[in-house]
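Report on the following structure.
Residue numbers (the numbering used here), protein chains in the order written: chain A, 5 to 167; chain B, 10 to 202.
This is the structure in structure tokens:
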């Protein structure tokens, strides 16, 4: 498939940008190759839009329902697991990890000599008015993004309840 | 939108135990599912079997329908996988048949096709014949796009493909379709397109 055809299909399907659309429209009106191919593709496109459906046999629905009636009734999949089971499994692993941790600490000899490393940096050079402004801007942007998603969620929920 | 809501209401009713309502969902979608099945099976008996099978599968799995997409999109996914499984089985069955017999059958098909060509002069008949000559995937994409009222994203969901891949495949399918039409109609192609 050549590039012209691809461009024209994108144009026909409405999958191109406004700039591309204008460019293609100009080419269709000025370029004979484009206009000929456009007419051909539009004819195929229109014919495809007019295509009818195949009809199954008259007894199709009845046959399906006969099969369906032999099946078990479908049920909405909901969690059938008791939450208490999940919590008790979680608690078991939590206690086991905690126990191992306490045991590990109890058998460890605590006679090591450890000093915190000293970091030599000048805080006053890092905390400038510009860095504070940048920090605040990022914070504000994050708050706005969060607020936007929160409001959208509220609106979607309201629409769902309304419908 | 109304259609979608009604589909969902019907599904809720079926899940609540009113299984007779499922007949309405079948009636509503059977023509398209059957058309899609025809794109794979190429004959009515097999297509009807695929379509029935897919409605029964959909019924069994109705509880897993997440209602985040259209019911039709979900149903077309089932149709596509059912049809592909059918084709795979059919291909395996075909291997066990005598090869000579196969060649004869293909030759006969071609002759019948030419005879039918004279009878079916309408552009739709030609178009349907051209679609039948396409690969099942190409025919399915064209059918989903034009008759299933599915967006590229929804077709992507149904066929487990990226929307961009669907777009490229749709372009290629239509290009092949145009070639097939030109092959079928020869000099008459200008009358149709």
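Cβ coordinates follow ideal geometry from the N, Cα and C atoms, glycine included.
Residue 123(A) by DSSP, collapsed to three states: which one? As a first step, residue 123(A) must be located in the first chain, where it is residue number 119. Reduced to three states, the DSSP call for residue 123(A) is coil.
Where residue 170(B) sits in the DSSP three-state scheme: For this step, residue 170(B) is matched to residue 161 along the second chain. Coil.
So which residues on chain A does residue 60(B) lean against when the C-beta distance must stay under 9 Å? To locate residue 60(B), count along the second chain from 1; it is residue 51. Neighbours of residue 60(B) across chain A, judged by C-beta separation under 9 Å: 60, 64 and 68.
If we cut at 9 Å on Cβ distances, does residue 151(B) have a partner in chain A? Walking along the second chain from the start, residue 151(B) turns up at place 142. Yes, residue 151(B) counts as interfacial toward chain A.
Under 7 Å Cβ-Cβ, which residues of chain A neighbour residue 69(B)? Sequence index remark: in the second chain, residue 69(B) carries index 60 (1-based). Per Cβ cutoff of 7 Å: 75 and 78.
Length of the line joining the Cα atoms of residue 45(A) and residue 26(A): Mapped onto the first chain, residue 45(A) falls at position 41. Mapped onto the first chain, residue 26(A) falls at position 22. Cα to Cα, residue 45(A) sits roughly 18 Å from residue 26(A).
By DSSP, does residue 47(B) sit in helix, in strand, or in coil? Position 38 of the second chain holds residue 47(B). Of the three classes helix, strand and coil, the one that applies to residue 47(B) here is helix, per DSSP.
Helix, strand or coil for residue 79(A) per DSSP? Along the first chain, one-based indexing puts residue 79(A) at 75. In this structure, residue 79(A) counts as coil in the three-state DSSP scheme.
Are residue 79(A) and residue 24(B) closer than 9 Å when you measure CB to CB? In the first chain, counting from the first residue as 1, residue 79(A) sits at position 75. In the second chain, counting from the first residue as 1, residue 24(B) sits at position 15. The answer is yes: Cβ separation under 9 Å.
Other residues of its chain near residue 17(A): CB distance less than 8 Å, five sequence neighbours each side excluded: Taking the first residue of the first chain as position 1, residue 17(A) is located at position 13. The beta carbon of residue 17(A) sits closer than 8 Å to none of the beta carbons in its chain outside the five residues before and after it.
Please decide whether residue 161(A) counts as near chain E, where near means a Cβ-Cβ distance under 9 Å. Reference to chain E is not applicable here, since the protein chains of this structure are A and B.
Under the three-state DSSP convention, the category residue 60(A) falls into: Your numbering for residue 60(A) matches position 56 in the first chain. Reduced to three states, the DSSP call for residue 60(A) is coil.
Between residue 147(B) and residue 178(B), is the Cβ-Cβ spacing less than 9 Å? Locating residue 147(B) in the second chain gives position 138, where the first residue counts as 1. Locating residue 178(B) in the second chain gives position 169, where the first residue counts as 1. Yes, Cβ-Cβ distance for residue 147(B) and residue 178(B) is below 9 Å.
Starting from the beta carbon of residue 156(B), find every residue of chain A whose beta carbon is closer than 8 Å, and list them in chain order. Taking the first residue of the second chain as 1, we reach residue 156(B) at position 147. Under the 8 Å cutoff, chain A gives 55 and 57.
In terms of residue numbering, what span does the alpha helix (DSSP H) encompassing residue 52(A) cover? The count along the first chain starts at 1 and reaches residue 52(A) at position 48. Looking at the DSSP string, the run of the alpha helix (DSSP H) that includes residue 52(A) is 36 to 54.
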